[in-house]
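To keep things clear, I will list the structure first and then write my remarks on it.
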Amino acid sequence: AQKITQTQPGMFVQEKEAVTLDCTYDTSDQSYGLFWYKQPSSGEMIFLIYQGSYDEQNATEGRYSLNFQKARKSANLVISASQLGDSAMYFCAMSSYSSASKIIFGSGTRLSIRP
Amino acid sequence: DTEVTQTPKHLVMGMTNKKSLKCEQHMGHRAMYWYKQKAKKPPELMFVYSYEKLSINESVPSRFSPECPNSSLLNLHLHALQPEDSALYLCASRQTESTEAFFGQGTRLTVV
Numbered sequence: 007a008q009k010i011t012q013t014q015p016g017m018f019v020q021e022k023e024a025v026t027l028d029c030t031y032d033t034s035d036q037s038y039g040l041f042w043y044k045q046p047s048s049g050e051m052i053f054l055i056y057q058g059s060y061d062e063q064n065a066t067e068g069r070y071s072l073n074f075q076k077a078r079k080s081a082n083l084v085i086s087a088s089q090l091g092d093s094a095m096y097f098c099a100m101s102s103y104s105s106a107s108k109i110i111f112g113s114g115t116r117l118s119i120r121p
Numbered sequence: 007d008t009e010v011t012q013t014p015k016h017l018v019m020g021m022t023n024k025k026s027l028k029c030e031q032h033m034g035h036r037a038m039y040w041y042k043q044k045a046k047k048p049p050e051l052m053f054v055y056s057y058e059k060l061s062i063n064e065s066v067p068s069r070f071s072p073e074c075p076n077s078s079l080l081n082l083h084l085h086a087l088q089p090e091d092s093a094l095y096l097c098a099s100r101q102t103e104s105t106e107a108f109f110g111q112g113t114r115l116t117v118v
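Just so you know, the protein sequences line up as chains A and B, in that order.
Throughout, our numbering is defined as the position within the first sequence, counted from one, plus 6.
Throughout, our numbering is defined as the position within the second sequence, counted from one, plus 6.
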């Protein structure tokens, strides 16, 4: 069975600082993908970044990077130079190829940026 | 273009009503998803369609009936819902099992 764990229910960060959101996962599959999504209070689920299990380099998208440590089964999201607009709920998610396209989510981390 | 469009954005329905949620994507994605999300909780998978065929039903009550008329469109038909079915319903699509998934803005459903 697959499982995603986010251990930080909430975080407060000063504007312009970098922040790391933790995510660990559990799967027995060799082939899987890891996702991060941002969900503002409006409810839309915004795709941020994707990492495939066979990707050798950590994924980066603008201010977002994914710190992928396969042996530790962790996929932490790093946001550099945080902005007020980064305040939102952040979900880590996983899909493994043996699970027939299922995408499962962690419990989420609510990030609040202080001015 | 990474847009998944859901309509309506908001829906209020009585327990005896029949309504439908619509999801559309024009990215050529072959997998489409319905999720249900309650407040302060992560999304819960309901259904997955792969190549227009239902591939996963997460033991969803029959008052929710999915339909995939073509590769771009996914519907969720609602009938005889209960107040506890009130939630945000999210649609998503992805090209293959090894790519990212994109979500629509969701439909906020209230059952009265």
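Where is the CB? At the ideal position from N, CA and C, for every residue including glycine.
Here the structure is a predicted model, which means the values were calculated and not measured.
Take the alpha-carbon of B/Asn76 and the one of A/Val19: they are about 45 Å apart. The beta-carbon of B/Gly34 is placed no less than 7 Å from the nearest beta-carbon of chain A. The beta carbon of A/Lys108 sits closer than 7 Å to those of Ser101, all from its chain and outside the five residues before and after it, given in chain order. Nearest to B/Glu58 by C-alpha distance, out of B/Glu64, B/Phe70 and B/Glu30, is B/Glu30. For B/Glu58, no beta strand (DSSP E) run applies, since DSSP gives it neither H nor E.
Of the residues assessed, B/Val117 falls on the buried side of the cut-off, its CB having 16 or more other CB atoms within 10 angstroms.
Looking at the backbone, the Cα of B/Val18 and that of B/Tyr39 are separated by about 22 Å.
Cβ neighbours of A/Ile110 within its own chain (closer than 7 Å, five residues either side excluded): Gln8, Ile10, Ala99 and Met100.
Note: B/Pro72 is bridge-paired with B/Leu82 in the DSSP secondary-structure output.
Rounded to whole angstroms, the separation of the alpha carbons of A/Arg69 and B/Ile62 is 35 Å. Within the same chain, and ignoring the five residues on either side of B/Arg36 in sequence, the residues whose Cβ sits closer than 6 Å to its Cβ are Tyr57.
Each of B/Thr113, B/His32 and B/Glu64 was checked against the Cα of B/Leu79, and the nearest Cα belongs to B/His32. The closest CA to that of A/Arg120, considering only A/Tyr38, A/Gln89, A/Ser113 and A/Ser34, is found on A/Gln89. At the C-beta level, A/Phe97 and B/Pro48 come within 7 Å of one another. Comparing alpha carbon positions, the residue from B/Cys74, B/Arg69 and B/Phe70 closest to B/Leu60 is B/Cys74. What B/Gln111 touches in chain A, judged by beta-carbon distance under 9 Å, is Ser48, Gly49, Glu50 and Met51, going in chain order. By the neighbour-count criterion, in which 16 or more other beta carbons inside 10 Å mark a residue as buried, B/Thr113 falls on the buried side.
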